[in-house]
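S.K.:
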Ligand SMILES: [Zn+2]
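In my numbering, the protein residues as written are 11 to 490.
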């Protein structure tokens, strides 16, 4: 990988791979990756000792942070650190989570998932990107600032969840704790977007995508019932056949695409860097005062560009779990399919459920809503299309272009869910951005196998958080 020349600025220089300071920072990340803090919906299956070890190790690794910041424990292993600033107004919250998803099929990993081995300048392991990388990078940045006696302009809270991957309660408890203390964050920053390479076909530069809203996660269970009985005398149209038909109908009939304002903004920012046939189309959409006519066109183009682009435009449905008969020679008395839905901004849970009902078109199938979350409110962002600026969003943008000089920052609609959605209750500005360069392959490795982060990319992320905290404007300069 090509190493970029870094600027020597007033803010100081970042960590560099291969130097003693860079190696020391990487060693801490490796040590934490090796602790298998795997979360599970079943509390009995959680290795609490691993979580204890993680919290203890963090304390040993970052002594200044633990000395100077107050710590409130939330839930079993959630950590809420408070760092007193020079002023009390406009506090900010930096979030991350210390739990990880299971490794899945270990044989598919090129390197051991909890080995944290380094090969060709890349650290391999579960949690490198999601989300221990962020958590340790934040701690590293805070530790470095404390080492030079830095005091932030405003209060900085660090909220580290312990059960994000299973939609646990650590984040809501942290929100309750902050509410009790009367904290109304100026902005909240959680995992989410990245410095994304190959963000869109034909776009040559990395896009620093900052999530300004996230889709709502909703799950349904479809159930078909019948007589069951012996597999030697099957009847037509039994529960399994009806469930299969419902699934194929759902697969064939996606919800119509939409083009939220944040997506239009994303494309307007990508357009100058775009090659290929889409460029003139996108330019027209962005420039047109009345773009209503062209929007369906661009929506169709996005859907055609592949699943990642398509998910930017619409509510998605994924059939995830399936069950039928427990035995090979028994006809299922009931068959079930779980459907995971990501509800697009502009749609509602009710719209999505109505869509499922309409397209499966079978009254014999019961639809139960298992979990239900509406899309998050859209946080304010700077818009080139509408020529307006938001001070907090602009700070994130500036810090991105400062650290990643080739990247183009932009708002976007985040597709996955994060703990930050609970923070919309106490802050109008909730942003989702992870300051690491991620290739398409790296993004696809999240929640899959071969999750990995570049050594220098990690160190650049530390520098990003350091500059963000050092660049906080203080409440006098914060325009609400
Ligand atoms: Zn995560």
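No residue lacks a Cβ here, since even glycine has one placed at the ideal position from N, Cα and C.
Taking 6 Å as the line, does the beta carbon of residue 201 fall inside it for any heavy atom of ligand 1?
M.R.: Here residue 201 refers to the residue found at position 191 of the chain shown. Yes, Cβ of residue 201 sits closer than 6 Å to a heavy atom of ligand 1.
S.K.: Is the closest heavy atom of ligand 1 to the C-beta of residue 140 under 6 Å?
M.R.: Here residue 140 corresponds to residue number 130 of the chain shown, with the count starting at 1. Under cutoff, so the answer is yes.
S.K.: Please return the same chain residues whose Cβ sits closer than 6 Å to the Cβ of residue 45, not counting the five positions on each side in sequence.
M.R.: For the purposes of this step, residue 45 is taken as residue 35 along the chain shown, with counting starting at 1. Within the same chain, residue 45 has close Cβ partners 60, 63, 64.
S.K.: If you reduce the DSSP assignment to three classes, tell me which class residue 441 lands in.
M.R.: In the chain shown, counting from the first residue as 1, residue 441 sits at position 431. Strand.
S.K.: Using the beta-carbon count (16 or more within 10 Å), is residue 181 buried or exposed?
M.R.: As a first step, residue 181 must be located in the chain shown, where it is residue number 171. Residue 181 is buried by the Cβ-count criterion.
S.K.: Over what stretch of residues does the beta strand (DSSP E) that includes residue 348 continue unbroken?
M.R.: In the chain shown, the residue the question calls residue 348 occupies position 338. It spans 344-353 - the beta strand (DSSP E) in which residue 348 sits, taken as one unbroken run.
S.K.: Taking DSSP as the reference, what is the three-state secondary structure of residue 160?
M.R.: Translated into the one-based positions of the chain shown, residue 160 becomes position 150. Note: residue 160 maps to coil in three-state DSSP.
S.K.: Looking only at C-alpha atoms, which of 273, 152, 250 sits nearest to residue 471?
M.R.: The residue labelled residue 471 in the question sits at position 461 within the chain shown. That would be 152, whose Cα lies nearest to the Cα of residue 471.
S.K.: Taking DSSP as the reference, what is the three-state secondary structure of residue 300?
M.R.: Taking the chain shown and counting its residues from 1, the one referred to as residue 300 is at position 290. Unreliable placement is indicated for residue 300, whose pLDDT of 49 sits below 50; the coordinate value is still reported in the next sentence. Correct three-state label for residue 300: coil.
S.K.: Here's the rule: buried if 16 or more other CB atoms are within 10 angstroms of the residue's CB, otherwise exposed. What is residue 142?
M.R.: Position 132 of the chain shown, counted from the first residue, corresponds to residue 142. The residue is buried, with at least 16 neighbouring Cβ atoms inside 10 Å.
S.K.: Residue ranges of each alpha helix (DSSP H) run of no fewer than 4 residues wholly in the segment 49-85, ordered along the chain?
M.R.: 58-71, 73-78
S.K.: Do residue 359 and residue 366 count as a contact pair if the criterion is CB distance below 7 Å?
M.R.: Here residue 366 is taken as the residue at index 356 of the chain shown, counted from 1. Here residue 359 is taken as the residue at index 349 of the chain shown, counted from 1. No. Outside cutoff.
S.K.: I'd like to check one pair, residue 368 with residue 233: are the Cβ atoms closer than 7 Å?
M.R.: Taking the first residue of the chain shown as 1, we reach residue 233 at position 223. Taking the first residue of the chain shown as 1, we reach residue 368 at position 358. No, the Cβ-Cβ distance between residue 233 and residue 368 is not below 7 Å.
S.K.: Identify the continuous beta strand (DSSP E) that holds residue 458 and give its terminal residues.
M.R.: Locating residue 458 in the chain shown gives position 448, counting from the first residue. Looking at the DSSP string, residue 458 is not in any beta strand (DSSP E), and its letter there is neither H nor E.
S.K.: Give a yes or no on whether the C-beta atoms belonging to residue 25 and residue 35 are separated by under 7 Å.
M.R.: Taking the chain shown and counting its residues from 1, one reaches residue 25 at position 15. Taking the chain shown and counting its residues from 1, one reaches residue 35 at position 25. Going by C-beta atoms, residue 25 is nearer than 7 Å to residue 35.
S.K.: Any idea what DSSP makes of residue 221, helix, strand or coil?
M.R.: To locate residue 221, count along the chain shown from 1; it is residue 211. It is a strand residue.
S.K.: From residue 281 to residue 289, what does the alpha carbon distance come to, in whole angstroms?
M.R.: Translated into the one-based positions of the chain shown, residue 281 becomes position 271. Translated into the one-based positions of the chain shown, residue 289 becomes position 279. Straight-line Cα distance between these residues: approximately 6 Å.
S.K.: I'd like to check one pair, residue 439 with residue 492: are the Cβ atoms closer than 7 Å?
M.R.: The requested residue 492 is not part of the displayed model; the chain covers only 11 to 490.
S.K.: For residue 115, which of helix, strand or coil comes out of DSSP?
M.R.: Counting from one through the chain shown, the residue named residue 115 turns up at place 105. For residue 115, the secondary structure class from DSSP, reduced to helix, strand or coil, is coil.
S.K.: Helix or strand or just coil, what does DSSP make of residue 424?
M.R.: Along the chain shown, read from residue 1 onward, the residue named residue 424 stands at position 414. In this structure, residue 424 counts as strand in the three-state DSSP scheme.
S.K.: Residues bridged to residue 143 by DSSP?
M.R.: Here the question's residue 143 lines up with position 133 in the chain shown. In DSSP, residue 143 forms no bridge with anything.
S.K.: Kindly indicate which residue of 349, 33, 185 has the alpha-carbon position closest to the one of residue 230.
M.R.: As a position in the chain shown, residue 230 is number 220, starting the count at 1. Of 349, 33, 185, the residue nearest in Cα terms is 349.
S.K.: Whose C-beta lies closer than 6 Å to the C-beta of residue 418 among residues of the same chain, with five residues either side of it excluded?
M.R.: Position 408 of the chain shown, counting from 1, holds the residue named residue 418. Around residue 418: 215, 217, 279.
S.K.: Identify, in the order they occur along the chain, each residue of the same chain with its Cβ nearer than 7 Å to the Cβ of residue 121, setting aside the five sequence neighbours on each side.
M.R.: What you label residue 121 is simply residue 111 of the chain shown in a count that begins at 1. Cβ neighbours of residue 121 beyond the five flanking positions: 127, 129, 134.
S.K.: Looking at the secondary structure, which residues open and close the beta strand (DSSP E) in which residue 200 lies?
M.R.: Translated into positions along the chain shown, residue 200 becomes position 190. It spans 197-206 - the beta strand (DSSP E) in which residue 200 sits, taken as one unbroken run.
S.K.: Per DSSP, residue 41 forms a beta bridge with which residues?
M.R.: For the purposes of this step, residue 41 is identified with residue 31 of the chain shown, where counting begins at 1. None, per the DSSP bridge assignment.
S.K.: Given residue 421, which residues of its chain have a CB within under 6 Å of its CB, disregarding the five upstream and five downstream residues?
M.R.: The sequence position of residue 421 within the chain shown is 411, counting from 1. Only 220, 222, 272, 275, 391 meet the Cβ criterion.
S.K.: Around the Cβ of residue 55, are there at least 16 other Cβ atoms within 10 angstroms (buried) or fewer (exposed)?
M.R.: Within the chain shown, the letter at position 45 stands for residue 55. Under this definition residue 55 is an exposed residue.
S.K.: Helix, strand or coil for residue 400? Go by DSSP, reduced to three states.
M.R.: One-based indexing of the chain shown puts residue 400 at position 390. Note: residue 400 maps to coil in three-state DSSP.
S.K.: Is the segment 74-93 touching the segment 427-447, taking contact as three or more C-beta pairs under 8 Å?
M.R.: no
S.K.: Are the CB atoms of residue 312 and residue 325 nearer to each other than 7 Å?
M.R.: As a working note, residue 312 is residue 302 in the chain shown. As a working note, residue 325 is residue 315 in the chain shown. Not closer than 7 Å, so no.
S.K.: Could you check the C-alpha separation between residue 106 and residue 157 for me, to the nearest Å?
M.R.: Numbered from its first residue, the chain shown carries residue 106 at position 96. Numbered from its first residue, the chain shown carries residue 157 at position 147. Just so you know, the alpha carbons of residue 106 and residue 157 end up roughly 22 Å apart.
S.K.: Taking contact to mean 3 or more Cβ pairs, one atom from each stretch, closer than 8 Å, check whether the segment 236-248 and the segment 475-485 are in contact.
M.R.: no
S.K.: Between which residues of its own chain and residue 210 is the CB-CB distance below 8 Å, once the five residues before and five after are set aside?
M.R.: For the purposes of this step, residue 210 is taken as the residue at position 200 of the chain shown. 217, 280, 284, 315, 319.
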